[in-house]
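Participant:
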DNA sequence: TCTGTTAGTGAGTAATTACTCACTTAATTT
DNA sequence: AAATTAAGTGAGTAATTACTCACTAACAGA
């Protein structure tokens, strides 16, 4: 939505096709010739717009991380402050439901992100700042918020958040990247929330 | 140890170098020419022994999965039956300590396995049977064992084991593949065991 | 000592790779 | 309407890719 830098129809087709192929076979196993063919463009068109294959990948990943991620996070925070979400339980359930819907709508791009994040050390180093600034920082604030309200026991924040992220990371990666045809039920969300809540209460 | 099919010195160097390079840059980003150069062999030697690059990868992964994994699992089970491990707490702590040591000793090969498992759909489909037969089945038995003893509450086994594997998977992948220079403290093992135990007790 | 087998070589190959560039076509600006 | 810019093309390229093959060296069994 805010991501409108006057993209051409052909540009859209290139990006869309690249996302599909990168998600399916990985960046390293996808050639620009293949993208061009499937997107019904000349190979030169890709390089006219993106210069290198590497910058094509970045022009998929960076906007996704830079624009959509934080705005969604603020949305979640807004829900807590504005609406009637009082308990950490409720927050977690909202978070899981929200994110599951979001990742379902952007499944392929999420797959690209995770696959390259794990496969490519350099990309990982470049993206870590974004990740820690946006996700870690915001989640830390939320955690503090509920801890001040006495919702969560006074366990050392850092240590417990590590456990929380380990589970959340494992949850989304396994369900959306490894088990690509998996469907998450409401029952499973409840299980996950209960598992985390009990884990944190220790 | 049982893995001695009269490997040549050059064969060992090829395998060792391939593991290093695949772990660092991924299978798809490593050329056979590069492996040959770094292992100080002719490129033809690689193909004399392994035929294709694909079979070189498999000759790294399959023995690791086929021989070392189950034998270690049996070792763990043996510990429970033989030694004085009575509670699921103790088992979990033993499991984490054991596996952390093991993966530290085979860090690179574990990285290769995880990276390709996530990157390559076909490999994933081929390895899933091994995984479910060995890991899932054995873990299920252990879980039953403690559930029969009244150690664990009678929560539906399948649902709770999903949560358990989500956490364990997230734990090992994040610590050994993503944060490659991370050191796991005993304190963190305790945190992890406590997190899981509380989670399961829900 | 002869002989067959295995280990190892390295030059060579067809195919594929990311990328370039001179060019045409379409859209904007003046 | 003329001029400038941007979008798009596709043939071409140097480098790299996985893999082959005719060959030599080492060595074990008869």
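Protein chains in written order, with the working numbering: chain A, 47 to 248; chain B, 47 to 248.
For every residue, glycine included, the Cβ atom is placed at its ideal position computed from N, Cα and C.
Quantities reported herein were computed from a predicted structural model and do not represent experimental measurements.
1) Counting only beta-carbon atoms, is residue 119 of chain B nearer than 7 Å to chain A?
2) Does the region 131 to 143 of chain B come close enough to the region 154 to 170 of chain B that 3 or more CB-CB pairs lie under 8 Å?
3) Quick check: what's the CA-CA separation for residue 49 of chain B versus residue 210 of chain B?
4) Within 7 Å of any Cβ in chain A, is that where the Cβ of residue 220 of chain B sits?
5) For residue 67 of chain A, name the three-state secondary structure that DSSP assigns.
6) Mapping DSSP to helix, strand and coil, what is residue 147 of chain A?
7) Compare the beta carbon distance of residue 182 of chain A and residue 134 of chain A with 7 Å and say whether it is the shorter of the two.
8) In chain order, what residues of the same chain have a beta carbon less than 8 Å from the beta carbon of residue 123 of chain A, not counting five sequence neighbours either side?
9) Under the three-state reduction of DSSP, which class applies to residue 214 of chain A: helix, strand or coil?
10) Buried or exposed, going by whether 16 or more other CB atoms sit within 10 Å of the CB of residue 96 of chain B?
11) If you compare alpha carbons, which of B:162, B:231, B:173 is closest to residue 166 of chain A?
12) If we define contact as Cβ-Cβ less than 7 Å, is residue 124 of chain B a contact residue for chain A?
13) Leaving aside the five residues before and after residue 219 of chain B along the sequence, list all residues of the same chain whose C-beta is less than 8 Å from its C-beta, in chain order.
14) Report yes or no: do the region 86 to 106 of chain A and the region 191 to 206 of chain B share at least 3 C-beta pairs separated by less than 8 Å?
15) Under a three-way DSSP split, which group does residue 202 of chain A fall into?
16) Roughly how many whole angstroms lie between the Cα atoms of residue 236 of chain B and residue 98 of chain B?
17) Counting C-beta neighbours from all protein chains within 10 Å, is the total for residue 216 of chain B 16 or more, i.e. buried, or is it exposed?
18) Establish whether the CB of residue 189 of chain A and some CB of chain B are separated by less than 7 Å.
19) Which chain B residues are close to residue 74 of chain A, counting only those with a beta carbon under 7 Å from its beta carbon?
20) Consult DSSP for residue 56 of chain A and reduce its assignment to one of helix, strand or coil.
21) Can you check which of these residues, B:89, B:208, B:92, is closest to residue 178 of chain B by C-alpha distance?
22) Anything in chain B within Cβ reach of residue 244 of chain A, meaning under 7 Å, just list it in chain order.
23) Closer than 7 Å, CB to CB, is residue 212 of chain B near chain A or not?
24) Go through the region 69 to 96 of chain B residue by residue and report every complete run of the alpha helix (DSSP H) that reaches 4 residues or more, in order.
25) Classify residue 234 of chain A as buried or exposed, calling it buried when 16 or more other Cβ atoms lie within 10 Å of its own Cβ.
26) Quick one: residues in its chain with C-beta nearer than 8 Å to the C-beta of residue 47 of chain A, no 5 flanking neighbours on either side, listed in chain order?
27) Quick one: grab the DSSP three-state call for residue 132 of chain B.
Facilitator: Checking against the coordinates, here is how it stands:
1) no
2) Contact fails between the region 154 to 170 of chain B and the region 131 to 143 of chain B, because fewer than three Cβ pairs, one in each stretch, are under 8 Å apart.
3) Unreliable placement is indicated for residue 49 of chain B, whose pLDDT of 35 sits below 50; no coordinate value is reported for it.
4) Yes, residue 220 of chain B lies at the interface with chain A (some Cβ there is under 7 Å from its Cβ).
5) In the three-state scheme derived from DSSP, where H, G and I count as helix and E and B as strand, residue 67 of chain A is classed as helix.
6) helix
7) no
8) 184, 187, 188
9) Here residue 214 of chain A sits in helix by DSSP.
10) buried
11) B:162
12) no
13) 160
14) Contact fails between the region 86 to 106 of chain A and the region 191 to 206 of chain B, because fewer than three Cβ pairs, one in each stretch, are under 8 Å apart.
15) coil
16) 45 Å
17) buried
18) no
19) In chain order: 72, 74, 75.
20) helix
21) B:208
22) Within chain B, the residues near residue 244 of chain A are 244, 245, 247, 248.
23) For residue 212 of chain B, the answer is yes, since a Cβ of chain A falls inside 7 Å of its Cβ.
24) You should have 78 to 85, 89 to 96.
25) buried
26) With a pLDDT of 32 at residue 47 of chain A, under the threshold of 50, the predicted position of this residue should be treated as unreliable, and no value is reported.
27) coil
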